[in-house]
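Colleague:
2 protein chains.
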Amino acid sequence: MKMLDTDKKENLRPDVLSEHCQSRFVMNHVTNRWGGLVLLALSEETLRFSALRRKIGGVSERMLSQTLKTLEEDGFVLRKSYDVVPPHVEYSLTPLGEGAAKHFGALARWLEDNLEEIMKARGE
Amino acid sequence: MKMLDTDKKENLRPDVLSEHCQSRFVMNHVTNRWGGLVLLALSEETLRFSALRRKIGGVSERMLSQTLKTLEEDGFVLRKSYDVVPPHVEYSLTPLGEGAAKHFGALARWLEDNLEEIMKARGE
């Protein structure tokens, strides 16, 4: 497990500011265009693919699939497949995913709450 | 100021899950590859361009310039230029930027603190 920037071996704590730290790699999964929004949408709610896609405005099927796959690999999302016809697949957050969603959600709420001031700064 | 998804006019609160909400647009500035890391690096510290670049592993001059410009437009970053030779330019966070940095920082700390569990899920 390579967690640290090899240039900074003395620093034993993961650090997103370090180029090769794995925490930055994972950070990109949570903060890329759709990752955080998927975490938010699944917060305290289990959803099927189509419902999840409806909840996240503008996401394509392909991007949603890719994002779910990455978040599943990171241990944030649980994919539960029921062996019925037609196939029924449900997505939910693991406890780890709930933790990430909580922090991403706090950032999102803050941005929503301060949007007026930000748009004023932008002169819009 | 267009803050809301026109399909969801009944919802008067900004919502990052809405495709056309300006909060998602600003969210992308804070959570794109370098935006959040710049906010973190400037947290409680004023830095010149070169020092800021050294602090953020792997960022190119061009990407750092672009990111700073966007964050300045959003009202998160203050650029102070001293009229001396050679030119001396300092970057710091506005109170609004400190707010964004606080929430992005909480997410980053959480990811760093839970990295071991995440990497275990990834089988790495």
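Protein chains in written order, with the working numbering: chain G, 1 to 124; chain W, 1001 to 1124. In this text, a Cβ means the ideal position worked out from N, Cα and C, and glycines have one as well.
Run through chain G and tell me which residues come within less than 8 Å of Pro-1086 (chain W), C-beta to C-beta.
Modeller: Going along chain G, no residue has its Cβ under 8 Å from Pro-1086 (chain W), so there is no contact; the nearest lies around 27 Å.
Colleague: Assign Gly-1179 (chain W) to buried or exposed, taking buried as 16 or more other Cβ atoms, counted over all protein chains shown, within 10 Å of its Cβ.
Modeller: The structure shown does not extend to residue 1179 (chain W), since chain W is modelled only from 1001 through 1124, so no value can be given for it.
Colleague: Between Arg-1122 (chain W) and Glu-73 (chain G), is the Cβ-Cβ spacing less than 8 Å?
Modeller: Yes.
Colleague: Can you check whether the C-beta of Leu-126 (chain G) is within less than 8 Å of a C-beta belonging to chain W?
Modeller: There is simply no residue 126 (chain G) to check, as chain G begins at 1 and stops at 124 in what is shown.
Colleague: Give the C-beta separation of Trp-34 (chain G) and Leu-64 (chain G) to the nearest angstrom, bearing in mind that I take them to be a contact with Cβ-Cβ under 8 Å.
Modeller: The pair is a contact, with the Cβ atoms about 7 Å apart (cut-off 8 Å).
Colleague: Are Phe-104 (chain G) and Val-26 (chain G) touching if we call contact CB-CB under 8 Å?
Modeller: Against a cut-off of 8 Å, the Cβ pair of Val-26 (chain G) and Phe-104 (chain G) comes out as no contact.
Colleague: Quick check: Leu-42 (chain G) and Leu-93 (chain G), are their CB atoms within less than 8 Å of each other?
Modeller: Yes. Within cutoff.
Colleague: Leaving aside the five residues before and after Arg-1079 (chain W) along the sequence, list all residues of the same chain whose C-beta is less than 8 Å from its C-beta, in chain order.
Modeller: Same-chain partners within the cutoff: Leu-1068, Glu-1072, Val-1089, Glu-1090 and Tyr-1091.
Colleague: Using alpha carbons as the reference points, say which of W:Ile-1118, W:Asn-1028, W:Gly-1075 and W:Val-1059 lies closest to His-181 (chain G).
Modeller: The requested residue 181 (chain G) is not part of the displayed model; chain G covers only 1 to 124.
Colleague: Have a look at Glu-1112 (chain W) and Leu-1039 (chain W) and give me their C-alpha separation to the nearest angstrom.
Modeller: Rounded to whole angstroms, Glu-1112 (chain W) to Leu-1039 (chain W) spans 17 Å at the Cα level.
Colleague: With which residues is Glu-90 (chain G) paired in a DSSP beta bridge?
Modeller: Beta-bridge pairing links Glu-90 (chain G) to G:Arg-48 and G:Lys-80.
Colleague: Anything in chain G within Cβ reach of Asp-1074 (chain W), meaning under 7 Å, just list it in chain order.
Modeller: In chain order: Ile-118, Ala-121 and Arg-122.
Colleague: Give the C-beta separation of Met-119 (chain G) and Gln-1066 (chain W) to the nearest angstrom, bearing in mind that I take them to be a contact with Cβ-Cβ under 8 Å.
Modeller: Not really, about 20 Å apart at Cβ, beyond 8 Å.
Colleague: With Gly-97 (chain G) as the anchor, note down where its alpha helix (DSSP H) starts and where it stops.
Modeller: 95–113 is the span of the alpha helix (DSSP H), which, as asked, contains Gly-97 (chain G).
Colleague: With the cut-off set at 8 Å, would you say Gly-1075 (chain W) and Glu-117 (chain G) are in Cβ contact?
Modeller: Yes. Within cutoff.
Colleague: Quick check: the Cα distance between Ala-101 (chain G) and Ser-18 (chain G), rounded to an integer number of angstroms?
Modeller: About 23 Å.
Colleague: What is the DSSP secondary structure of Leu-1068 (chain W), counted as helix, strand or coil?
Modeller: Here Leu-1068 (chain W) sits in helix by DSSP.
Colleague: Can you give the Cα-Cα distance for Gly-99 (chain G) and Val-77 (chain G), rounded to whole angstroms?
Modeller: Computed Cα separation, rounded: 11 Å.
Colleague: From the beta carbon of Asp-1015 (chain W), is the nearest beta carbon of chain G less than 8 Å away?
Modeller: Yes, Asp-1015 (chain W) lies at the interface with chain G (some Cβ there is under 8 Å from its Cβ).
Colleague: Determine, using beta carbons only, whether Arg-54 (chain G) and Glu-61 (chain G) come nearer to each other than 8 Å.
Modeller: Not a contact, by the Cβ cut-off of 8 Å.
Colleague: With a threshold of 16 other CB atoms inside 10 Å of the CB of Val-1016 (chain W), please say whether the residue is buried or exposed.
Modeller: Val-1016 (chain W) comes out buried.
Colleague: In angstroms with no decimal places, state the Cα-to-Cα distance between Gly-57 (chain G) and Asn-114 (chain G).
Modeller: Roughly 21 Å between the two C-alpha positions.
Colleague: Should Glu-98 (chain G) be flagged as near chain W, meaning a C-beta pair shorter than 8 Å?
Modeller: Glu-98 (chain G) does not count as touching chain W.
Colleague: With DSSP collapsed to three states, give me the class of Asn-32 (chain G).
Modeller: Asn-32 (chain G): coil per DSSP, three-state reduction.
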